[in-house]
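The block underneath contains the structure these notes are about, expressed in structure tokens.
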Amino acid sequence: MELRTVNVTRYVTPLREGGSLPAIAEADDEFLYVLKFRGAGQGVKALIAELIGGELARVLGLKVPELVFANLDEAFGRTEGDEEIRDLLKASVGMNLALHYLSGAITFDPAVTKTDHKLASQIVWLDCLLTNVDRTPRNTNMLIWHKELWLIDHGAALYFHHSWDNWKEQAVRPFVQVKDHVLLMGATELAVVDAEFKAILNEQVIREIAALIPDEWLAEEADEAAERREVYIQFLLLRIAASDIFIKEANHARETRF
């Protein structure tokens, strides 16, 4: 399991949704990407969450744009006229993360596109695992592209890593924010999905995904980077083992809300 690395060659346009100011950029493979910057608000932790969330989704058979490491040269952006963007580019020199740009995709609208119960259950299960608070009717972070549903933007997931406090306790907590999930109403097959997904997400798979995280995103020292990588692994393994807790919470939230 590995990600390609590209070099950013052209800053095309900012995407001014949210506070992280991602951008559409072109790379040396001549493809367009949605570039997520290490110098943005939540820094490399948002990139780690994006990487883990996206690759977990892919392993589980859900559709996610290709993720690549995107290298930003020190000279890049010096001629940028917008001071905010110039400062962001300067703070993001080095390895960033990017998603393949799905040209022509439209934002998922639950009032327009109906999702089958199995797919809704799969996405809700994944977001409960990741503690992803950012898949609400207000901001679905899903796209329709070629008549299929694609997941984007997992940067707000795994919020335990913003403090590192009591991560073992957080790993087995219910995900109460599931009550606001855009697909909760249709997620009626969580028990079936749970059995299927737990059979896929064994320790080897989790370790392979965690191994993708660049050491420099984890810590300055190699020993500390290894320790933090192991925390991500153990957090996910604990949460998978205790999935009954977040499934019970999701079912209760659906019954209460609808």
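Position one of the sequence shown corresponds to residue 78 (the numbering used here), numbered consecutively onward.
We put the CB at the ideal spot given by N, CA and C, even for glycine.
Three-state secondary structure (DSSP) of residue i
{"i": "Val282", "result": "helix"}
{"i": "Met219", "result": "strand"}
{"i": "Arg87", "result": "strand"}
{"i": "Glu293", "result": "helix"}
{"i": "Thr213", "result": "strand"}
{"i": "Leu226", "result": "strand"}
{"i": "Ile208", "result": "As written in the sequence, residue 208 is Thr, which differs from the Ile given in the question. In the structure shown, Thr208 sits in coil (DSSP, three-state: anything other than H, G, I, E or B)."}
{"i": "Thr82", "result": "strand"}
{"i": "Asn328", "result": "helix"}
{"i": "Arg250", "result": "coil"}
{"i": "Glu273", "result": "helix"}
{"i": "Val342", "result": "Missing from the structure shown is residue 342; the chain here goes from 78 to 335 and no further."}
{"i": "Thr265", "result": "coil"}
{"i": "Val259", "result": "coil"}
{"i": "Ala302", "result": "helix"}
{"i": "Ser240", "result": "coil"}
C-alpha distance - residue i paired with residue j, whole-angstrom precision
{"i": "Ile78", "j": "Arg305", "result": "Note on residue identity: the sequence assigns Met, not Ile, to residue 78. Between Met78 and Arg305, the C-alpha separation is close to 20 Å."}
{"i": "Glu280", "j": "Leu314", "result": "7 Å"}
{"i": "Asp230", "j": "Pro142", "result": "10 Å"}
{"i": "Ile183", "j": "Asn218", "result": "11 Å"}
{"i": "Ser198", "j": "Arg215", "result": "19 Å"}
{"i": "Leu133", "j": "Val201", "result": "13 Å"}
{"i": "Pro251", "j": "Leu261", "result": "15 Å"}
{"i": "Leu128", "j": "Leu174", "result": "8 Å"}
{"i": "Gly181", "j": "Lys167", "result": "30 Å"}
{"i": "Arg331", "j": "Thr190", "result": "20 Å"}
{"i": "Pro187", "j": "Asp211", "result": "15 Å"}
{"i": "Thr86", "j": "Ala268", "result": "46 Å"}
{"i": "Leu196", "j": "Gly138", "result": "10 Å"}
{"i": "Arg334", "j": "Cys205", "result": "17 Å"}
{"i": "Val249", "j": "Ala152", "result": "45 Å"}
{"i": "Trp241", "j": "Ala272", "result": "29 Å"}
{"i": "His177", "j": "Thr90", "result": "15 Å"}
{"i": "Asp159", "j": "Ala104", "result": "21 Å"}
Neighbour-count burial assignment, residue i, 16 or more Cβ in a 10 Å radius
{"i": "Val253", "result": "exposed"}
{"i": "Leu92", "result": "exposed"}
{"i": "Ile277", "result": "exposed"}
{"i": "His223", "result": "exposed"}
{"i": "Trp294", "result": "buried"}
{"i": "Asn84", "result": "exposed"}
{"i": "Asn209", "result": "buried"}
{"i": "Thr82", "result": "exposed"}
{"i": "Ala147", "result": "buried"}
{"i": "His239", "result": "exposed"}
{"i": "Ala299", "result": "exposed"}
{"i": "Ala303", "result": "exposed"}
{"i": "Ala318", "result": "exposed"}
CB-CB length for residue i against residue j, believed under 8 Å
{"i": "Leu109", "j": "Ala100", "result": "With a Cβ gap of about 10 Å, Leu109 and Ala100 do not count as contacting."}
{"i": "Phe237", "j": "Phe312", "result": "7 Å"}
{"i": "Leu226", "j": "Phe185", "result": "6 Å"}
{"i": "Gln119", "j": "Gly232", "result": "7 Å"}
{"i": "Ala287", "j": "Tyr309", "result": "5 Å"}
{"i": "Glu266", "j": "His194", "result": "5 Å"}
> For the segment 101-183, which segments carrying the beta strand (DSSP E) assignment without a break, of at least 3 residues, lie completely within its bounds, in sequence order?
Replying inline: 109-113, 144-149, 171-177, all fully within the segment 101-183.
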